[in-house]
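Protein chains: 2
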Amino acid sequence: MENQNAITKIKEAITRNNEVLDALADLYKVFADSTRVKILCALTQSEMCVGEISEFLDITQSAVSHQLRTLKASSLVKSQRKGKNIVYSLADEHVRTIIDCGMEHITE
Amino acid sequence: MENQNAITKIKEAITRNNEVLDALADLYKVFADSTRVKILCALTQSEMCVGEISEFLDITQSAVSHQLRTLKASSLVKSQRKGKNIVYSLADEHVRTIIDCGMEHITE
DNA sequence: AAAATATATGTTCATTTGTTCATATGTATT
DNA sequence: AATACATATGAACAAATGAACATATATTTT
């Protein structure tokens, strides 16, 4: 059973990396919502405060805030107070890469 | 209002690409489940039939079949009958790329 | 210190999603 | 053709999710 052996090895590898794969799925969960994707996409262009995002996505300020919280918890965005606003921006370049990565699959 | 103008342009860009961004979120939705990620991950190593996947993930054959259906609908896997089995494999290299992309963010 | 402004949080509700169970479909083997 | 085997499908149900509403918190401006 040559092939069976190969399958067993793969099974072991998956089991061994179980937590990492769970974390991977969790990361994609964050990108798996069009509101969040749009927020992230906007932030690749420029930092923005909550009100601005709320205004141009045409959803409640509350909804935006909740989503930003999710994004922040996943270390995808960071925030910084500027005057009376809290300005959000991308945490690092990974976000851009991940978005581009997905885009390639779509636009082919 | 220099910055306001920039925001307006971003808003327009997001609105213009609304469908694409929705599709992007939909794509990520497929990766946003640990069962599916594990299936995809396994398939990067070798093609497999439903029974094998079911066995090593330790979930119902039915559950696997349902998830494979989702994966196929998103053009991430393809299937082919071989004898009495139906063997699934990755549809293209994009899957590998997308997984690697996310991995980088996690393992840092 | 009070009022105004911006953001965050708690709760509720409707919707979506993943799994299991039962069963149907389809192919291979006898 | 009948049986066994592998996969797919449908229904039901529990859990997760995203949005809105109401309200709390925090900072700035007067």
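Chains V and H, in that order, give the protein sequences.
According to our numbering, the residues represented by the first sequence are 5 to 112, in order.
According to our numbering, the residues represented by the second sequence are 5 to 112, in order.
For every residue, glycine included, the Cβ atom is placed at its ideal position computed from N, Cα and C.
Exercise. Since Gln84 of chain V sits in a beta bridge, which residues does DSSP pair it with?
Worked result: V:Val91
For this session: Please report the residue range of the alpha helix (DSSP H) in which Gln49 of chain V lies.
Result: Premise fails: Gln49 of chain V is in no alpha helix (DSSP H) and is neither H nor E.
Problem set entry | Three or more C-beta pairs below 8 Å linking the stretch 44-59 of chain V and the stretch 66-84 of chain H | no
Problem set entry | Alpha carbon of Ala29 of chain H to alpha carbon of Lys13 of chain H, nearest angstrom | 22 Å
For this session: Please decide whether Tyr32 of chain H counts as near chain V, where near means a Cβ-Cβ distance under 8 Å.
Result: yes
Exercise. Whose C-beta lies closer than 8 Å to the C-beta of Val91 of chain V among residues of the same chain, with five residues either side of it excluded?
Worked result: Glu51, Met52, Cys53, Ser83, Gln84, Arg85
Problem set entry | Cβ-Cβ distance between Cys105 of chain V and Leu25 of chain H below 8 Å | no
For this session: Taking only the alpha-carbon atoms, compute the straight-line gap between Ser93 of chain V and Leu75 of chain V and give it to the nearest angstrom.
Result: 11 Å
Exercise. If you draw a straight line from the C-alpha of Ala95 of chain V to the C-alpha of Ser79 of chain V, how long is it?
Worked result: 6 Å
Exercise. Taking just the CA atoms, how far does Thr48 of chain V sit from Arg100 of chain V?
Worked result: 7 Å
Exercise. Excluding sequence positions up to five away, which residues of its chain have a Cβ less than 8 Å from the Cβ of Arg20 of chain H?
Worked result: none
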